[in-house]
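The block underneath contains the structure these notes are about, expressed in structure tokens.
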Amino acid sequence: MATPKFRVAICGGGIGGLTLAVGLSRYPDIHIDVYEAAGQFKEIGAGVMVWERTWKILELLGLGKEFGDIAHAQPNRSLGVGFDYRKSDQPQEGFRFYLYQVPYGCIRFHRAQFLDVLVDHLPSDVAHFGKRLTSYDTSATSTRPEILLHFADGSNATCDLLIGCDGIKSVIRKQMLEDHVHKSGGDPTLLKHIEPIWSGRIAYRGLIPTNRLKTDNKEHRTIQTPMMYCGKSKHVVSYGISRGSIVNVVAMATQPHLYGTTYDGPWVKECGRDELLECFAGWEPEVEEMLQCIEKPTKWAICELRPLPFYVQGRVALLGDAAHGMTPHQGAGAGQAIEDAYILAEVLGHPSTTLSTLPQALAAYEAVRLPMANHVLRGSRESGNMYEFNGPLGDDLARLGPQIGKQWDWVWKTTPLEEREKALRLSMQRRASTAKL
Ligand SMILES: Cc1cc2nc3c(=O)[nH]c(=O)nc-3n(C[C@H](O)[C@H](O)[C@H](O)COP(=O)(O)OP(=O)(O)OC[C@H]3O[C@@H](n4cnc5c(N)ncnc54)[C@H](O)[C@@H]3O)c2cc1C
1 MATPKFRVAI CGGGIGGLTL AVGLSRYPDI HIDVYEAAGQ FKEIGAGVMV WERTWKILEL
61 LGLGKEFGDI AHAQPNRSLG VGFDYRKSDQ PQEGFRFYLY QVPYGCIRFH RAQFLDVLVD
121 HLPSDVAHFG KRLTSYDTSA TSTRPEILLH FADGSNATCD LLIGCDGIKS VIRKQMLEDH
181 VHKSGGDPTL LKHIEPIWSG RIAYRGLIPT NRLKTDNKEH RTIQTPMMYC GKSKHVVSYG
241 ISRGSIVNVV AMATQPHLYG TTYDGPWVKE CGRDELLECF AGWEPEVEEM LQCIEKPTKW
301 AICELRPLPF YVQGRVALLG DAAHGMTPHQ GAGAGQAIED AYILAEVLGH PSTTLSTLPQ
361 ALAAYEAVRL PMANHVLRGS RESGNMYEFN GPLGDDLARL GPQIGKQWDW VWKTTPLEER
421 EKALRLSMQR RASTAKL
């Protein structure tokens with residue numbers, strides 16, 4: 001590469017960080033390094049679903065074919081089921097109270113396969129493993145105008161721009177907020193955004209080989225249809241992935257009064273199937289039958305961030321869960337990370353973005369992404385409460401269904417291309433007004 005226009009350090013190689021790396025790799029004048037704490041890029045064995053707008057981005061990145069090949073089925077524009085909502089917390093057969101349908105429906109993947117596609121498109125030599133960032137130093141000196149990175153193994157690196165893709169427990173978010181408060185005299189109440197808060201909810205997760213849900217004369221409903229089984233303070237999400245060969249299940253149980261507390265102990269644990277079955281005892285037969293087939297569930301504390309007032313400080317920016325870790329009730333955390341990555345890559349890659357105009361490009365990224373991602377963060381929380389009859393409409397099912405659907409208006413009200421245009425326009429306007437000063 002000739003001298004790069006700037007060097008970007010991407011800290012964290014999850015779905016967000018790797019999408020950014022793939023997005024930036026289309027611009028040969030930008031140097032990228034991905035620093036990952038673990039010894040390899042890794043996703044858990046579970047499903048992940050995205051909506052049309054995320055799918056469009058994957059296509060815009062030139063990855064439509066590869067992602068199409070590993071989706072539950074080839075994605076297409078026809079009307080598909082988002083989720084089929086049932087009232088299920090009684091021993092008798094439940095009933096549908098709402099069917100959410102959108103073009104493409106919900107597009108579903110196995111997480112490990114999803115990450116593999118991104119890894120396959122990473123340029124060689126950008127990944128550095130075993131590099132857990134502990135802190136960074138932005139105080140430029142005449143001999144070192146760049147940002148200095150410190151890693152847990154004692155090594156250092158430098159970059160012109162640091163992107164925190166280090167997940168919901170982000171150390172970069174922590175330092176960004178602490179520096180803002182302690183070094184720049186920012187509002188001390190912002191420190192409450194450092195620690196994630198617990199939603200009061202536990203998720204039991206598991207995968208089921210689809211053939212276990214089939215008998216000679218009956219096939220379980222969820223093999224064909226993404227299901228949302230709803231009940232008081234609990235709900236179960238299930239859908240097919242991997243060309244229909246596996247069903248992904250997430251069963252949630254909530255103690256609403258614990259919302260906003262801190263979850264003590266490990267966020268992920270193994271647990272016995274009996275605990276899961278006991279939790280959903282007395283639910284409709286098709287739920288119990290499905291949960292019986294999960295051999296080794298894992299148990300997750302579901303946490304979120306308080307919506308941040310900024311994602312950027314100087315030449316450090318947050319992306320994905322580091323910026324807006326959210327509950328999974330709109331199937332959107334990974335999708336929002338991918339949207340961040342796409343918009344950021346587009347504004348950074350634009351020919352008029354240079355080292356000296358980075359602040360305007362980052363401001364444009366923040367102006368476009370922060371309102372949307374924080375909206376989804378809040379909406380996800382509200383959706384989760386609605387699925388469990390704990391929202392303002394309680395279990396008034398006739399009104400609840402359409403309200404649940406409305407929560408997803410953001411999915412189709414704008415498109416990633418419109419947002420890209422907006423971000424580029426804002427970046428240009430900000431450059432023009434800075435130049436006039
Ligand atoms: C039960 C459940 C179901 C979900 N379902 C969906 C869904 O269907 N659809 C959807 O869109 N979203 C879903 N999500 C949310 C989604 O999983 C996340 O939003 C997404 O994975 C976040 O990606 P990320 O890259 O921002 O962070 P992460 O995946 O957390 O990646 C962070 C990376 O940074 C690395 N790292 C951490 N600290 C450091 C450090 N100090 N230095 C270097 N590297 C570091 C980590 O090792 C990791 O590789 C779900 C979440 C849960 C809990």
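One point on numbering: in UniProt numbering, the residue at position 285 of the sequence shown is 285, and numbering is uninterrupted. Where a beta carbon is used, it is the ideal one built from N, C-alpha and C, also for glycine.
Under 8 Å between C-beta atoms of ALA112 and GLY45: Yes, the pair counts as a contact, with Cβ atoms nearer than the cut-off.
Please classify residue 445: does DSSP put it in a helix, a strand, or coil? This structure gives no information on residue 445, because the portion of the chain shown stretches from 1 to 437.
May I ask you to check if the CB of ASP166 is nearer than 7 Å to at least one heavy atom of ligand 1? Answer for ASP166: yes, Cβ within range of ligand 1.
If you compare alpha carbons, which of GLU419, TRP412, LEU362 and ALA332 is closest to ARG381? Ranking GLU419, TRP412, LEU362 and ALA332 by Cα distance to ARG381 puts ALA332 first.
Look at the alpha carbon of VAL376 and the alpha carbon of ASP216, and state the distance between them as a whole number of angstroms. 42 Å
Answer yes or no: the CB of TYR136 versus the heavy atoms of ligand 1, is any distance below 7 Å? no
For a quick check, are the C-beta atoms of LYS87 and GLY80 less than 8 Å apart? Taking the C-beta atoms as reference points, GLY80 is found no nearer than 8 Å to LYS87.
Would SER199 pass as a contact of THR327 if the rule is Cβ separation under 8 Å? yes
Bridge partners for GLU195 per DSSP, in chain order? According to DSSP, GLU195 bridges with nothing at all.
So does LEU426 have its beta carbon nearer than 7 Å to some heavy atom of ligand 1? no
Would you report the Cα separation of SER245 and LEU61, rounded to the nearest angstrom? 27 Å
With DSSP collapsed to three states, give me the class of GLY314. coil
When you compare only the Cα positions, how much space is there between GLU66 and GLY12? 23 Å
Check whether the Cβ of LEU133 lies closer than 7 Å to any heavy atom of ligand 1, and answer yes or no. yes
For a test of your reading of the model: does the CB of TRP300 fall under 7 Å from any non-hydrogen atom of ligand 1? Yes or no. For ligand 1, a non-hydrogen atom lies closer than 7 Å to the CB of TRP300.
Going by beta-carbon coordinates alone, are residue 515 and LEU115 separated by less than 8 Å? The structure shown does not extend to residue 515, since the chain spans only 1 to 437, so no value can be given for it.
What did DSSP end up calling GLU284 once you bin it into helix, strand or coil? coil
Whole-Å CB distance - ILE57 paired with GLU339, under 8 Å assumed: 7 Å
Of all the beta strand (DSSP E) runs that stay within the bounds of the region 201–287, which reach a length of 3 or more residues? 227–231, 234–241, 246–254 and 268–270
So, under 8 Å CB-CB, LEU161 and ARG315 are touching, yes? Tell me the CB distance rounded to an integer number of Å. Right, the Cβ-Cβ distance comes to about 5 Å (below 8 Å), so this counts as a contact.
Determine, using beta carbons only, whether VAL249 and ARG306 come nearer to each other than 8 Å. no
Please go through the region 56–120 and give each complete alpha helix (DSSP H) segment of 4 or more residues, from N-terminal end onward. For the region 56–120, the full-length alpha helix (DSSP H) segments reaching 4 residues or more read 64–70 and 111–120 along the chain.
Between which two residues does the alpha helix (DSSP H) carrying THR19 extend? 15–24
Three-way DSSP call (helix, strand, coil) for THR3 in this model: coil
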